[in-house]
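For the sequence shown, the numbering used here assigns the number -4 to the initial residue and increments by one for each residue that follows. Note that CB positions come from ideal geometry on N, CA and C, so glycine has one too.
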Amino acid sequence: MRFDKRVWLASPTMHGDELRYMQEAYETNWMSTVGKNIDEVERQIAEKIGVKYAVALSAGTAALHLCTRLAGVTLYGMPQAGKGVLQGRKVFCSDMTFAATLNSVAYENGDAVFIDSERDTWNMDPVALEKAFEKFPNVRLVVLVHLYGTPAKVDEIRAICKKHGALLVEDAAESFGASYKGVQTGSFGDFNAISFNGNKIITGSSGGMFLTDKMEDADRVRKWSTQSREPFPWYEHEEIGYNYRMSNVIAGVVRGQLPYLEEHVVQKHAIYERYKEGFKGLPVQMNPYDATNSVPNFWLSCMIIDENAVGEGGGKTTPAKILERLADMNAEGRPIWKPMHMQPMYRNHAFVTAAGTDVGADIFTRGLCLPSDNKMTLEQQDFIIAAIRACFGK
């Protein structure tokens, strides 16, 4: 079976309202980085997540960068112009994530220390984090990711940060709409970020958001994101700034998407459950989550093959074989995020595990991301499930 139309991993799902708000920006000539769409998106997202302030930015990466910069300024004060605020200081970071999380630390000259994953949620292991503080007791900043829309062990991570006097940056880029103990992700850190990249559960084609309960932090991020202009009639600058503000046109796309967030989450959850049911009897597990404390947004459905079923023949297969089969069907799957401590540019950085084995590397070796597009039909998903079962000889 080969699909005539490609089945994507995760692509934008548009509804029509987006075009109306983009048209409004055009007709009112508010095409730059101010306008009603931006105001409404900031208001609605702050209300949805349960924070007091939201600042619309050009990308989730921009939001993460300014989270990290603000954390560094809070901890260590403003550096000289052109200097990173972290100045070589170590920062504890989730190991299994997209590079943007760690690049935001590198932009500020920080030295990332990678904290291994735990198996319950595939997120940062609190036991490894505590071990890292024992090894590097002077660290004062932790960057936490909610992988694939699944909340991490938030209470444990926050308690460890509080114990050691560390600030927390929450990278909720993938988890907008997910909750932990009834509270939305994106509200747990001292500084928080979400993303509206093209493949996220709500998209603007690009864009991101800085989230906080402190007005002074929101004001500082707004200033930095508009080239740090001072309130003078001429262009006056006392510190480094960035061209990071969201366009009112992009904000129109996000504004049109927002009413459909819950609908998208329901659709993504249904995809996850259909995979889970369809894989019964196979030596695989879906990406796990803590059903007692958290509700993921199920952004991506992933699977991991049992150790004794990885290989060739005899009812065994590999992630590469499954991905090859999906590609032959014209369906997009992907490997799990390659852990950051395995990446060439970060391989000399410290890595801390508490499991005795490298959990993140093991998940990367045995796991893969499945087609999770919420426009995928039931029939298409059934064919994908059947193809994966055939890889195991089922």
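> Would you call residue 227 buried or exposed, if buried means 16 or more other Cβ atoms sit within 10 Å of its Cβ?
Replying inline: exposed
>> List, from N- to C-terminal side, the alpha helix (DSSP H) runs of 4 residues or more that fit wholly inside the stretch 75 to 135.
In response: 94 to 102 and 121 to 130
> Can you give the beta carbon distance from residue 23 to residue 241, rounded, assuming they're within the 8 Å contact cut?
Replying inline: Incorrect: roughly 16 Å between the Cβ atoms, too far for contact.
> In whole angstroms, what is the alpha-carbon distance linking residue 48 and residue 274?
Replying inline: 43 Å
>> Please tell me whether residue 2 and residue 324 are closer than 9 Å, where the distance is taken between their beta carbons.
In response: yes
> Roughly how many angstroms lie between the CA atoms of residue 302 and residue 382, to the nearest whole one?
Replying inline: 20 Å
> What did DSSP end up calling residue 59 once you bin it into helix, strand or coil?
Replying inline: helix
> If you run the structure through DSSP and keep just helix, strand and coil, what is residue 254?
Replying inline: helix
> Start and end of the beta strand (DSSP E) containing residue 188?
Replying inline: 186 to 190
>> Quick check on residue 238: does DSSP put it in helix, strand or coil?
In response: strand
> Would residue 159 be called buried (16 or more neighbouring beta carbons within 10 Å of its own) or exposed?
Replying inline: buried
> Run through DSSP, which three-state label would residue 331 get?
Replying inline: coil
>> Excluding the 5 residues flanking residue 12 on each side, which residues of the same chain have their C-beta closer than 6 Å to its C-beta?
In response: 251
> residue 175 and residue 104: beta carbons closer than 9 Å?
Replying inline: no
> For residue 182, which of 196, 206 and 190 has the nearest alpha-carbon?
Replying inline: 206
>> Considering Cα atoms alone, identify which of 8, 186, 247 and 166 is closest to residue 14.
In response: 247
> Does the pairing of the stretch 112 to 130 with the stretch 208 to 215 give three or more beta-carbon distances under 8 Å?
Replying inline: no
>> Just to confirm, is the Cβ distance from residue 198 to residue 140 under 9 Å?
In response: no
> Under 9 Å, do residue 190 and residue 171 count as touching if we go by C-beta distance?
Replying inline: yes
>> Can you check which of these residues, 193, 375, 298 and 349, is closest to residue 365 by C-alpha distance?
In response: 298
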